[in-house]
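Its first residue numbered 1, the sequence shown is counted upward by one per residue in UniProt numbering.
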Amino acid sequence: IMKLEKILQKSFSKKKKIPLIISDQGGLTTHPELNNGPVIKRLLYKLQTPMIKYVINQASKIIVANEYEKQIFSNMNIGPTGKVSGLSEESKITIIRNGIDLEIINQKPTEFRKKYGIDKKFFLFVGRFTKIKGLDILLQAMNLIKNQPELENIQLVIMGVDFGFQDQMLEMIDEFNIKEKIHVIKNPSREDVITAYRESEFLVLPSRWELSPLTPLEGFAFKKPVISTNVHGIPSTITHGENGILIEDEDFHSLSKAILELINDKQKCSRYGLSGFNLVQQECNSKLMGQKTLKIYNQVVNI
């Protein structure tokens with residue numbers, strides 16, 4: 001929800017003729033809870049929408065993470081007559097891809113396996129324990145393949161923080177009788193998460209919604225491919241058949257097949273992982289992101 005301070009900043013910048021630059025990192029208009037969440041969130045969204053559009057139309061520049069987000073902002077500026085107005089001008093919207101700090105590659109590994117009693121190879125989910133992340137779909141996929149021979153020497157590690165789905169997740173694990181196939185790690189340290197990236201075989205992120213996720217990029221830093229969904233901003237980061245596998249959201253049958261595919265094909269895993277690594281080295285790193293952002297600020301100030 002937009003804070004009052006943001007509105008005041010906009011008013012102050014206009015009064016003092018100071019350029020306003022907007023960078024949305026949370027999904028102002030597309031997050032599922034805005035339409036399907038608790039009543040209070042839906043109500044607040046409806047109340048703030050006119051303010052959001054007003055602020056956006058006052059901006060000198062909008063920085064977005066991908067083409068998907070660019071289209072969102074363009075569509076927000078179509079007026080009641082159907083004519084394009086304000087910030088939907090191409091020149092005012094700039095794509096700067098999200099980037100990660102590549103120094104994580106040099107972090108000293110923790111005794112992750114010893115700490116959590118993990119003695120098998122594993123593939124990894126990292127994220128909030130919420131239904132939006134598709135954890136229920138992942139567990140249904142695991143239920144389909146739990147008796148496959150490929151799962152005898154590998155397990156799924158789920159790492160994250162509860163955002164309302166943890167109890168249901170644990171109940172599903174019990175119901176499906178897949179405790180031996182899954183290791184849940186609650187509230188992990190940042191150091192343990194990075195070590196898990198390093199030691200995993202591949203990542204799984206079956207989200208129902210993502211704007212521009214950082215988890216795949218962090219996996220790519222350690223040459224790990226990613227299985228995810230072909231929704232919203234995800235295809236801007238993960239290219240099917242190049243650095244990972246994309247499935248349709250809600251499709252746990254396809255997810256189970258994708259998991260088995262990467263377990264069985266080490267060469268494909270390595271090829272996809274290297275492609276992802278090249279992406280973060282060449283395009284999606286924090287150094288490049290900072291340089292491009294600074295360039296935009298300098299351009300706006302010097303107009």
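Glycine included, every Cβ here is placed at the ideal spot set by N, Cα and C.
Values in this document were obtained by computation on a predicted structure and should not be read as measured data.
Subject >> Ile145, DSSP secondary structure in three states >> reply: Taking the first residue of the sequence shown as position 1, residue 145 is located at position 145. Ile145: helix per DSSP, three-state reduction.
Subject >> Whole-angstrom distance between Phe125 and Glu180, CA atom to CA atom >> reply: Taking the first residue of the sequence shown as position 1, residue 180 is located at position 180. Taking the first residue of the sequence shown as position 1, residue 125 is located at position 125. Roughly 16 Å separates the two Cα atoms.
**OP:** Report the partner residues of Asp136 according to the DSSP bridge assignment.
**Re:** Counted from its first residue, the sequence shown places residue 136 at position 136. Per DSSP, none; premise fails for Asp136.
**OP:** Could you name the residues of the same chain whose beta carbon sits closer than 8 Å to that of Gln148, not counting the 5 residues immediately before and after it, in chain order?
**Re:** Your numbering for residue 148 matches position 148 in the sequence shown. Counting only Cβ-Cβ distances below 8 Å, and skipping sequence neighbours, we find Leu260.
**OP:** Put Asn285 into one of helix, strand or coil per three-state DSSP.
**Re:** Position 285 of the sequence shown holds residue 285. Note: Asn285 maps to strand in three-state DSSP.
Original post:
Taking the alpha-carbon positions, what's the Asn243 to Gln155 distance?
Top reply: By 1-based counting over the sequence shown, the position of residue 243 is 243. By 1-based counting over the sequence shown, the position of residue 155 is 155. Their backbone Cα atoms lie some 22 Å apart in a straight line.
**OP:** Identify the continuous alpha helix (DSSP H) that holds Gln107 and give its terminal residues.
**Re:** Taking the sequence shown and counting its residues from 1, the one referred to as residue 107 is at position 107. Premise fails: Gln107 is in no alpha helix (DSSP H) and is neither H nor E.
**OP:** Report the option in Asn230, Ser200 and Glu199 whose CA atom is closest to the CA atom of Pro213.
**Re:** Counted from its first residue, the sequence shown places residue 213 at position 213. Nearest C-alpha to Pro213: Asn230.
Subject >> Residue environment, Lys186, which counts as buried when at least 16 other CB atoms sit within 10 Å >> reply: As a first step, residue 186 is located in the sequence shown; it is residue number 186 there, counting from the start. Exposed, because fewer than 16 other Cβ atoms sit within 10 Å of the Cβ of Lys186.
**OP:** Give a yes or no on whether the C-beta atoms belonging to Ile234 and Glu210 are separated by under 7 Å.
**Re:** For the purposes of this step, residue 234 is identified with residue 234 of the sequence shown, where counting begins at 1. For the purposes of this step, residue 210 is identified with residue 210 of the sequence shown, where counting begins at 1. Taking C-beta atoms as the reference points, Ile234 and Glu210 count as a pair closer than 7 Å.
Original post:
Under 7 Å between the Cβ atoms of Phe202 and Pro225?
Top reply: Position 202 of the sequence shown holds residue 202. Position 225 of the sequence shown holds residue 225. Yes.
Original post:
Hey, Arg42 and Ile132: beta-carbon distance below 7 Å or not?
Top reply: Counting from 1 along the sequence shown, the entry for residue 42 is found at position 42. Counting from 1 along the sequence shown, the entry for residue 132 is found at position 132. No; because the gap between Cβ atoms is not below 7 Å, this pair is not in contact.
Original post:
With distances taken between CB atoms, is the gap from Lys159 to Val193 smaller than 7 Å?
Top reply: Taking the sequence shown and counting its residues from 1, one reaches residue 159 at position 159. Taking the sequence shown and counting its residues from 1, one reaches residue 193 at position 193. The sequence shown places Met at residue 159, not Lys. Their beta carbons are under 7 Å apart, which means Met159 touches Val193 by this criterion.
Original post:
Just the Cα atoms here: how many angstroms apart are Lys17 and Lys295?
Top reply: Position 17 of the sequence shown, counted from the first residue, corresponds to residue 17. Position 295 of the sequence shown, counted from the first residue, corresponds to residue 295. Distance between the alpha carbons of Lys17 and Lys295 is about 20 Å.
Original post:
Shortest alpha-carbon distance to Phe122 belongs to which of Ser74, Asn177, Ile72 and Ile263?
Top reply: Indexing the sequence shown from 1 puts residue 122 at position 122. Closest option to Phe122, Cα to Cα, is Ile263.
**OP:** Please go through the same chain and pick out, in chain order, the residues whose beta-carbon is closer than 6 Å to the beta-carbon of Val157, but skip the five residues on each side of it.
**Re:** The residue labelled residue 157 in the question sits at position 157 within the sequence shown. If we look at Val157 and ignore the five residues flanking it on each side, its Cβ neighbours are Phe122, Leu124 and His183.
**OP:** Kindly indicate which three-state DSSP category Tyr253 falls into: helix, strand or coil?
**Re:** Position 253 of the sequence shown holds residue 253. Contrary to the premise, residue 253 reads as His rather than Tyr in this sequence. If DSSP states are grouped into helix, strand and coil, His253 belongs with the helices.
**OP:** Could you work out which residue in Lys70, Asp249, Asp136 and Glu103 is closest to Ala221 when comparing CA atoms only?
**Re:** Locating residue 221 in the sequence shown gives position 221, counting from the first residue. Selected option, being the one with the closest Cα: Glu103.
Original post:
Per DSSP, what kind of secondary structure is Asn200 in: helix, strand or coil?
Top reply: What you label residue 200 is simply residue 200 of the sequence shown in a count that begins at 1. The displayed chain sequence assigns Ser, not Asn, to residue 200. Here Ser200 sits in coil by DSSP.
Original post:
Taking C-alpha atoms, which residue in Lys266, Gln267, Ser228 and Leu279 lies nearest to Leu254?
Top reply: If you number the sequence shown from 1, residue 254 lands on position 254. First, the residue type needs correcting, since residue 254 is Ser and not Leu in the sequence shown. Among Lys266, Gln267, Ser228 and Leu279, the Cα nearest to that of Ser254 belongs to Ser228.
Subject >> For Lys53 and Cys269, the rounded distance between their alpha carbons >> reply: In the sequence shown, counting from the first residue as 1, residue 269 sits at position 269. In the sequence shown, counting from the first residue as 1, residue 53 sits at position 53. Spanning the two alpha carbons is a distance of roughly 43 Å.
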